[in-house]
Amino acid sequence: MVRTTSATESTMLAPSSAVPGWTAEYAVPLGGPGHLLLATFEQAAIGITHLTLDEQWISVNQRYCEITGYSREEILNFKVEHLTHPDDVPASLEFIRRIRSGELPEYRMEKRYIRKNGDVIWVHLTVSIVRSATGAPLYLVGFIEDITQRRDAQTEASRSLSLLRATLESTADGILVVNLNGKILSFNQKLADMWGIPAEVFASGNDQRTIDMALEKLVYPEIFMAKVGELNRHPEEASYDVIELK
983 MVRTTSATES
993 TMLAPSSAVP
1003 GWTAEYAVPL
1013 GGPGHLLLAT
1023 FEQAAIGITH
1033 LTLDEQWISV
1043 NQRYCEITGY
1053 SREEILNFKV
1063 EHLTHPDDVP
1073 ASLEFIRRIR
1083 SGELPEYRME
1093 KRYIRKNGDV
1103 IWVHLTVSIV
1113 RSATGAPLYL
1123 VGFIEDITQR
1133 RDAQTEASRS
1143 LSLLRATLES
1153 TADGILVVNL
1163 NGKILSFNQK
1173 LADMWGIPAE
1183 VFASGNDQRT
1193 IDMALEKLVY
1203 PEIFMAKVGE
1213 LNRHPEEASY
1223 DVIELK
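Under the numbering used here, think of the first position of the sequence shown as 983, with each following residue one higher.
What follows is the structure, encoded as C-alpha cells:
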C-alpha cells in the first residue's frame, strides 16, 4: 500500500541546533527541495558542519558524529576546539580568525581530532564562509574527511623508506639505481666515494653531468658506454665487469 503525505501534513525531523532560531531552518517539508538537501546533508560520505561566525554549532551531520564518536547532542554542547587535539588548536583558531576577517575565502588543513574513546585521528578539514547576495557573511560551513588510514600508510611508507636507506648506506657495495631511460633514481654514499664524485652530483638530477664526470674517471670510457648501451637495450641481462679508473 502506498501512502502519500503532503508538505503541509508533516515535516522531516530536523537536526537540533545549539543556536536558537536555527532549528526551524532545517524543519523542511517532506518531498520538497529542502528535504532533498537535508537528505543529502545527512547521508553524505564526509562530515559536514555549519557554524555561526562566532563559532557556535548550527548543525552537524551523521557522518561527522561517526568520525568523532560523539552524538549530535553531545557535539552541540561542546566548543569547537573541544574536539581538536591541543597541539592543533592554535593553528585552527588562527585560520578561523583569518577567514572571519575576510583575509581568506576558505582554508584547508590536516589536523588531529580526539575521538570520544580517546583515539587520535587525522582529518582533512575545509572551511569556507557563506555570504548573502550582498556579500554579507552569514555562517561557516566545514567539510571533514577522516584520513587516518592514509596518514598511517604514509607513516609506514616513510618508515620503510628510512629502513631501506639505512640498509643501502650500511652496505660495503656502491649502489646506483636507474630507470629504463637511464635516469638516476637512487644511490648510496659508498658509490660516490668509490668514484670520487660528490654525492650532490648524483642527487642533482642532472644525469648527463653525472655521466660526464664518471667518464672523466675512466681509462676506457668508450668501452664503458658501449656496455651501458648494451644493458639499456637488454635490461633483463646481468653483467659482471672490471672497470679501470684513472
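Yeah, the Cβ is synthetic: ideal placement off N, Cα and C, and Gly gets one too.
Which of helix, strand or coil does DSSP assign to residue i?
i, result
"arginine 1132", "helix"
"glutamate 1127", "strand"
"arginine 1045", "helix"
"glycine 1211", "helix"
"phenylalanine 1060", "coil"
"leucine 1033", "strand"
"arginine 1113", "strand"
"isoleucine 1103", "strand"
"isoleucine 1040", "strand"
"lysine 1228", "coil"
"proline 1119", "strand"
"proline 1011", "Confidence is the limiting factor: at proline 1011 the pLDDT is only 49, short of 50, which leaves the residue's position unreliable and the question unanswerable from this model."
"isoleucine 1096", "strand"
Span of the alpha helix (DSSP H) holding residue i?
i, result
"serine 1074", "1071-1082"
"glutamate 1182", "1181-1185"
"leucine 1197", "1189-1198"
"leucine 1158", "Element bounds for leucine 1158: not the alpha helix (DSSP H) but the beta strand (DSSP E), 1158-1160."
With distance defined between alpha-carbon atoms, name the residue in the options nearest to residue i.
i, options, result
"valine 1071", "Ala1185, Pro1087, Glu1092", "Glu1092"
"tyrosine 1257", "His1067, Leu1058, Tyr1089, Arg1215", "This structure leaves residue 1257 out entirely; the chain is present only between 983 and 1228."
"leucine 1158", "Ser1140, Val1183, Ile1129, Gln1136", "Val1183"
"leucine 1086", "Tyr1095, Glu1076, Glu1048", "Glu1076"
"arginine 1033", "Asp1101, Val1109, Arg1097", "In the sequence under discussion, the amino acid at residue 1033 is leucine, which differs from the arginine named in the question. That would be Val1109, whose Cα lies nearest to the Cα of leucine 1033."
"alanine 1154", "Phe1169, Arg1090, Leu1162", "Phe1169"
"valine 1201", "Val1210, Ser1221, Gly1124, Lys1228", "Lys1228"
"valine 1112", "Arg1054, Thr1031, Leu1145", "Thr1031"
What residue does the beta strand (DSSP E) around residue i start on, and which one ends it?
i, result
"threonine 1153", "Careful: threonine 1153 lies outside any beta strand (DSSP E) and carries neither H nor E."
Looking at the strands, I want to know which residues DSSP matches up with residue i.
i, result
"arginine 1090", "Thr1108"
"phenylalanine 1169", "Leu1158"
Does the CB of residue i have a neighbour CB from chain C at under 7 angstroms?
i, result
"tyrosine 1222", "The displayed structure is made up of one protein chain only, and chain C is not part of it."
If residue i and residue j are in contact, beta carbons under 8 angstroms, what's the gap, nearest whole angstrom?
i, j, result
"leucine 1035", "tyrosine 1121", "7 angstroms"
"glycine 1156", "leucine 1173", "3 angstroms"
"glycine 1164", "asparagine 1214", "6 angstroms"
"threonine 1192", "isoleucine 1166", "7 angstroms"
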